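Engineer: Right, I'll just put the structure down here and ask away after.
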Amino acid sequence: QQQVKQSPQSLIVQKGGIPIINCAYENTAFDYFPWYQQFPGKGPALLIAIRPDVSEKKEGRFTISFNKSAKQFSLHIMDSQPGDSATYFCAASIGGSARQLTFGSGTQLTVLP
Amino acid sequence: NAGVTQTPKFRILKIGQSMTLQCTQDMNHNYMYWYRQDPGMGLKLIYYSVGAGITDKGEVPNGYNVSRSTTEDFPLRLELAAPSQTSVYFCASSYSGFVLAGNNEQFFGPGTRLTVL
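Residue numbers (the working numbering), protein chains in the order written: chain V, 16 to 128; chain D, 21 to 137.
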């Protein structure tokens, strides 16, 4: 079963906090793990992605941590801002194939001012 | 560039009606995709296309049809609308079929919210 389980479903933090969103997968054939950010009324947009040969990747305030042995990966948002309030989806793919992207169920993040 | 545009933004259908969701991209992308997003769920791939004249099924194709006569357009057809097709539909495009980070990412349209009553 190509499932990606995402938690929590919703998350509220204060400005400056570090929200953490977690995802777990079962299929060891997954080799590409992107995160998407979706604002209300908009389509998802690629935020950051990681391959399993590295344990961490940073882009600005966004960091992905990857634990291959536990089959888990997480998104950390440093110094969160109200503008980061959005829904975040993790996903996984085999061979980076777009038609085999499996999405998590999403986390609705609210950053309070 | 307008990117990926979708019409309509909202639509209410009665059971058994048919409609076409329009999708156009102006980025000269080869690959195009249709997803549905149900509440509390991630996106699921309905159909995709690797170029004009070539389409293939995704994870949830039943009840839908697609065509790709041009590079720019990828319409999604619902022939006999059912309540189970109530969802938000997203069209996306990418230059290639591989979504490696920093290259060939998928660009999504703003979505069509469809309700079937």
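The beta carbon of each residue, even a glycine, is placed where N, CA and C say it ideally should be.
Please read these numbers as outputs of a predicted model, since none were measured by experiment.
Which of the three DSSP states, helix, strand or coil, is assigned to S89 of chain V?
Structural biologist: Taking the first residue of the first sequence as 1, we reach residue 89 of chain V at position 74. It is a strand residue.
Engineer: Is G31 of chain V helix, strand or coil when you go by DSSP?
Structural biologist: For the purposes of this step, residue 31 of chain V is identified with residue 16 of the first sequence, where counting begins at 1. Coil at G31 of chain V, not helix or strand.
Engineer: Should the region 30-39 of chain D be regarded as contacting the region 67-77 of chain D, the criterion being three or more beta carbon pairs within less than 8 Å?
Structural biologist: No, the region 30-39 of chain D is not in contact with the region 67-77 of chain D.
Engineer: Taking the C-alpha atoms as reference points, what is the distance between M61 of chain D and G129 of chain D?
Structural biologist: Taking the second sequence and counting its residues from 1, one reaches residue 61 of chain D at position 41. Taking the second sequence and counting its residues from 1, one reaches residue 129 of chain D at position 109. Computed Cα separation, rounded: 18 Å.
Engineer: Counting only Cβ pairs nearer than 8 Å, list the residues of chain V close to S8 of chain D.
Structural biologist: No statement about residue 8 of chain D is possible, as the shown extent of chain D runs from 21 to 137 and does not include it.
Engineer: For I63 of chain V, count the other beta carbons within 10 Å of its own beta carbon; 16 or more makes it buried, fewer makes it exposed. Which is it?
Structural biologist: Position 48 of the first sequence holds residue 63 of chain V. Buried is the call here.
Engineer: Taking just the CA atoms, how far does S112 of chain V sit from Q18 of chain V?
Structural biologist: In the first sequence, counting from the first residue as 1, residue 18 of chain V sits at position 3. In the first sequence, counting from the first residue as 1, residue 112 of chain V sits at position 97. C-alpha separation (whole angstroms): 16 Å.
Engineer: Consider the Cβ of T117 of chain V: report whether some Cβ of chain D lies at a distance smaller than 9 Å.
Structural biologist: As a first step, residue 117 of chain V is located in the first sequence; it is residue number 102 there, counting from the start. Yes, contact with chain D.
Engineer: Would R144 of chain V pass as an interface residue toward chain D - the criterion being a Cβ-Cβ separation below 9 Å?
Structural biologist: Nothing can be reported for residue 144 of chain V, as the shown portion of chain V is limited to 16 through 128.
Engineer: With a CB to CB cut of under 8 Å and the five nearest residues on each side skipped, what residues in its chain are close to T90 of chain D?
Structural biologist: Translated into the one-based positions of the second sequence, residue 90 of chain D becomes position 70. A72, listed in sequence order.
Engineer: Quick check: the Cα distance between Q16 of chain V and L65 of chain D, rounded to an integer number of angstroms?
Structural biologist: As a first step, residue 16 of chain V is located in the first sequence; it is residue number 1 there, counting from the start. As a first step, residue 65 of chain D is located in the second sequence; it is residue number 45 there, counting from the start. Low per-residue confidence applies at Q16 of chain V: pLDDT is 49, beneath 50, and the placement is therefore not dependable, though the value from the model is reported in the following sentence. Cα to Cα, Q16 of chain V sits roughly 16 Å from L65 of chain D.
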